[in-house]
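>
Numbering (UniProt numbering), first residue to last: 1 to 376.
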């Protein structure tokens, strides 16, 4: 029986190469399966709840805090200011002296009126004595009726002159008292329009006093919208320095005529019981509720996502810790964020930042704005 020839070296090499290829393929497939089984790490995500935004959903106006009553204070008489006792920002009480005029001329006028009264009263006394004598003589028919009537008329004239002189003295004394400009109410001095040494006319504004008490927000409403508002309409006021804190207000006054330059109407919204919280000159926002205001929710602008040209937000499932994209309806864009009228509720948790890095069903670890873990 013939022995089979030994295998060719070339065949052995081919078999070895084939085995190595099969081994590498097996290792490659095994490596792919290993990489597929590696789970993606759970990433932290900043979450927040949508805030009810009934106030922000309406029309927004910006304005300044003003006093309900502003008084322009001035002297009743003219003269030269000798002293000013207050500066802008000073709080004064009713009766406090704001400024003083040089009283010399006014005192001289009062002295002149006093002397005129003394002369008139002397004439009156003479006329009274003369009438008394003529009355006795008339009773004895020593004087005629015509002479008695003349004396009686001189008494009446003297009485009238004395009354006139007395009134003139009162006026002069009052004017001497008007040399002191006093505050008529408690309040704050908001402006000064004259300085010591200045000569002023009667009634010229020396200082402006903002009375204590009621505060209002003055806003400007365009003529295209003024018909939407009425006196007594409720409003919500937010001070710029205290963002997020809402105060109640009421529309109190609408100007009957538009400003000739801006073509806007001046509107005043009273703060009422919340007046103490506002300071004069502060910037405030006034919101008038719109039709869908009660259903609006405010979310950060960074939470808004866009899919196929439509707005959406990522909502976190509290049980599975997975995110799901939910379409929403945008009502308006505000300084504080975006107003949504459909799609989310105040009980939802939404992703507030990094929304472009998420995918449907991705698990996340929720954290707050301070990067602290949240328990949902």
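C-beta atoms are modelled at their ideal positions from N, C-alpha and C, and glycine is treated no differently.
#1: Looking at the structure shown, is residue 111 part of a helix, part of a strand, or coil, going by DSSP?
#2: In the DSSP assignment, the alpha helix (DSSP H) including residue 365 goes from what residue to what residue?
#3: By the DSSP assignment, the alpha helix (DSSP H) with residue 177 in it spans what residues?
#4: For residue 70, which option in 43, 215, 243 has the closest C-alpha, if you only look at C-alpha atoms?
#5: Could you tell me the alpha carbon to alpha carbon distance between residue 190 and residue 240, rounded to whole angstroms?
#6: Which residue or residues does DSSP assign as beta-bridge partners of residue 45?
#7: Are residue 374 and residue 367 closer than 8 Å when you measure CB to CB?
#8: Compute the beta-carbon to beta-carbon distance between residue 364 and residue 43, rounded to the nearest angstrom, for a pair I have assumed lies under 8 Å.
#9: Quick check on residue 374: does DSSP put it in helix, strand or coil?
#10: So, is residue 307 buried or exposed, given that buried needs 16 or more other C-beta atoms within 10 angstroms?
#11: Output the distance between the C-alpha atoms of residue 283 and residue 200, rounded to the nearest integer angstrom.
#12: Which residues in the same chain have their Cβ closer than 6 Å to the Cβ of residue 252, if we skip the five residues on either side of it in sequence?
#13: Measuring straight from C-alpha to C-alpha, what distance separates residue 194 and residue 75?
#14: Between which two residues does the beta strand (DSSP E) carrying residue 402 extend?
#15: Hey, which unbroken runs of the beta strand (DSSP E) at 3 residues or more fall wholly within the stretch 303–335?
#16: Below 8 Å on the Cβ atoms is my guess for residue 330 versus residue 311; work out the distance and round it to an integer in Å.
#17: Could you have a look at residue 225 and say whether DSSP puts it in helix, strand or coil?
#18: I'd like the list of long-range same chain contacts for residue 411, defined as Cβ closer than 6 Å, with 5 residues on each side in sequence excluded.
#19: Quickly, what does DSSP pair residue 142 with across the bridge? List them, please.
#20: Ordered along the chain, which non-local residues of its own chain (more than five positions away) have a Cβ less than 7 Å from that of residue 107?
#21: Decide yes or no for the touch test of the stretch 272–289 against the stretch 59–68: beta carbon pairs closer than 8 Å, at least 3 of them.
#22: Secondary structure at residue 357, three-state DSSP: helix, strand or coil?
#23: Please report the distance separating the alpha-carbon of residue 272 from that of residue 245.
#24: Just curious, the beta strand (DSSP E) that residue 214 is in, first and last residue?
#25: Given a cut-off of 8 Å on the beta-carbon distance, is the pair residue 162 and residue 121 in contact?
#26: For residue 282, name the three-state secondary structure that DSSP assigns.
#27: In the DSSP assignment, find the unbroken beta strand (DSSP E) run with residue 265 in it and report its ends.
#28: Which of the three DSSP states is assigned to residue 51 in this structure?
#29: Given a cut-off of 8 Å, decide if residue 94 and residue 185 are closer than it, judged by their beta-carbon atoms.
#30: With distances taken between CB atoms, is the gap from residue 387 to residue 96 smaller than 8 Å?
#31: Can you name, in chain order, every residue of its own chain whose Cβ lies under 8 Å from the Cβ of residue 333, other than the five neighbours on each side?
#32: Hey, could you find the ends of the beta strand (DSSP E) residue 67 is sitting in?
#33: By a C-beta neighbour count over all protein chains shown, 10 Å radius and 16 as the cutoff for buried, is residue 341 buried or exposed?
#34: Among 225, 77, 234, which one has its Cα closest to the Cα of residue 266?
#35: Taking 8 Å as the threshold (C-beta atoms), are residue 99 and residue 85 in contact?
#36: Quick check on the DSSP output: the beta strand (DSSP E) that includes residue 70 runs from which residue to which?
Inspection of the coordinates gives the following:
#1: helix
#2: No alpha helix (DSSP H) contains residue 365, which is instead part of the beta strand (DSSP E) from 364–367.
#3: 145–177
#4: 215
#5: 21 Å
#6: 366
#7: yes
#8: 6 Å
#9: coil
#10: exposed
#11: 34 Å
#12: 268, 270
#13: 11 Å
#14: Residue 402 falls outside the range modelled here, since the chain spans only 1 to 376, and no answer is possible.
#15: 305–307, 310–316, 323–327, 329–334
#16: 5 Å
#17: coil
#18: In the structure as shown, the chain starts at 1 and stops at 376, and residue 411 therefore has no counterpart that could be examined.
#19: The partner list for residue 142 (beta bridge, DSSP) is empty, contrary to what the question assumes.
#20: 176
#21: yes
#22: helix
#23: 16 Å
#24: From DSSP, residue 214 is part of no beta strand (DSSP E); its letter is neither H nor E.
#25: yes
#26: coil
#27: 264–270
#28: strand
#29: yes
#30: Look at the range of the chain in this structure, 1 to 376, and you will see that residue 387 is not part of it.
#31: 301, 339
#32: 59–67
#33: buried
#34: 225
#35: yes
#36: 70–74
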